[in-house]
Amino acid sequence: MIESNVENLLKEIPKENPFGEKVTLVAAVKLQNAEDINRAVAAGITDIGDNHVQELRDKYELINGNPRRHFIGHLQTNKIKYLLGKVDLYHSVDRINLAEELSKKSAGAGIVSDILIQINIGNEETKGGFALEDCGEIYKTIKRLPALRIKGLMAMLPIDNDETRLKTLAKSMRGQFDRLRAIDKDIEYLSMGMSGDWRICLEQGANIIRLGTAIFGARNYNKN
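Under my numbering, read the sequence shown as residues 237 to 460, first letter to last.
Put into C-alpha cells, the structure is as follows:
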C-alpha cells in the first residue's frame, strides 16, 4: 500500500506549482515505524518530517537513503539540543522565545539553522503560530537573531468545508510569502497543505506539502 500510494502521489503531484517553483513532498512520519518509513523512501520519498523529538531521536539512525529531514511539530525549547545538526528545516517556529533559543543553541553549536515562521492563518485557538498581520514585524525580529536563516513560511489551513474560504486563506499566505521574498533572497519555501487540502494549497502557490495519511494510511496510535 505504501509503495502504491507514493507512486500514485508522485504521478499526481505536479513537479512545479503555478508560480513555476519546484514542489517538495514531505512525508509526515508521526507514529510510523522505521520499516514503513524506509519503504516510503525506497518508493521515491526524498523528504521526511517528524512531529515528535523522541521519535526522531529513536529512529534517526534507522532510516535509509539519507532523506532530507524536516521537523514539522510543536517544539519545546528544552528539546532543541536533541535536534541540532539533524534537522534540515524547522517548519514550526511559532513563538519568539523558541526562535531566540534555537538561535542561541545553533550559535553555540557553530551551525546555522534553517527555519520557517509558522502563521496561524485561521486564527485558531488550538493552533500555534503568529497572526498573519504580524508577520512582517515578526520577520524583522527573528531576522536580527544570529545563526538562523529564515527560509519562508508555514501554515495549516483550518478544517472547513468552505472551499472558497480555504482558497482565500491560502492565497493570503502566498501574498505574504511574496512580500517577504521580494526583500529577502533566502525566502524560498511556503509549506502549506496536508492530506486533506494539499490540492487547494498547491493551486494557490504552496511549494512544500506535508502528507501522512495519503502515504501511510490512517494513523495507528498503537503502532510503534
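The C-beta atom is built at its ideal place from N, Cα and C for all residues, glycine as well.
Please read all numbers here as calculations on a predicted model, not as lab measurements.
Can you give me the Cβ contacts of V348 inside the same chain, cut-off strictly under 8 angstroms, excluding the 5 residues immediately before and after it?
S342, A383, L384 and R385
For E252, would you say it is in contact with chain D, using Cβ-to-Cβ distances shorter than 8 angstroms as the test?
The structure shown contains no chain D, having only a single protein chain.
Beta-carbon separation (whole angstroms), I451 vs N241, contact threshold 8 angstroms:
5 angstroms
Tell me where the alpha helix (DSSP H) around D350 begins and ends.
No alpha helix (DSSP H) holds D350; the beta strand (DSSP E) holding it covers S349 to I355.
In this structure, what does DSSP give as the bridge partners for Y425?
G388
Note down the Cα distance separating L416 from L320, rounded to an integer number of angstroms.
26 angstroms
Does the structure place the stretch 404-420 close enough to the stretch 238-252 that three or more beta carbon pairs sit under 8 angstroms?
no
Can you list, in chain order, the residues of its chain with a C-beta nearer than 6 angstroms to that of I358? Leave out the 5 residues immediately preceding and following it.
This sequence places Gly at residue 358; Ile is not what is there. Same-chain partners within the cutoff: P394.
Have a look at the DSSP bridge pairing and note the partners of Y326.
F307 and I351
Checking 8 angstroms against the spacing of the C-beta atoms, do I332 and T377 come in under that value?
Yes, the Cβ-Cβ distance between I332 and T377 is below 8 angstroms.
Which of helix, strand or coil DSSP assigns to A418:
Note: A418 maps to coil in three-state DSSP.
Are the beta-carbon atoms belonging to L447 and S431 less than 8 angstroms from one another?
Contact: yes.
Could you check which residue in I308, K322, F307 and K379 has the C-alpha nearest to that of S339?
K379
Could you tell me which residues DSSP pairs with E252 in its beta bridges?
K258
Buried or exposed by the 16-neighbour rule on C-beta atoms within 10 Å, applied to G441
With 16 or more Cβ atoms within 10 Å of its Cβ, G441 is classed as buried.
Helix, strand or coil for D370? Go by DSSP, reduced to three states.
It is helical.
How big is the Cα-Cα spacing for K315 and V277?
26 angstroms
Considering only the beta carbon of each residue, do G364 and H310 sit closer than 8 angstroms?
yes
Boundaries of the beta strand (DSSP E) in which I284 is found, first to last residue
D283 to D286
Residue interval of the beta strand (DSSP E) (run including R446)
I444 to L447
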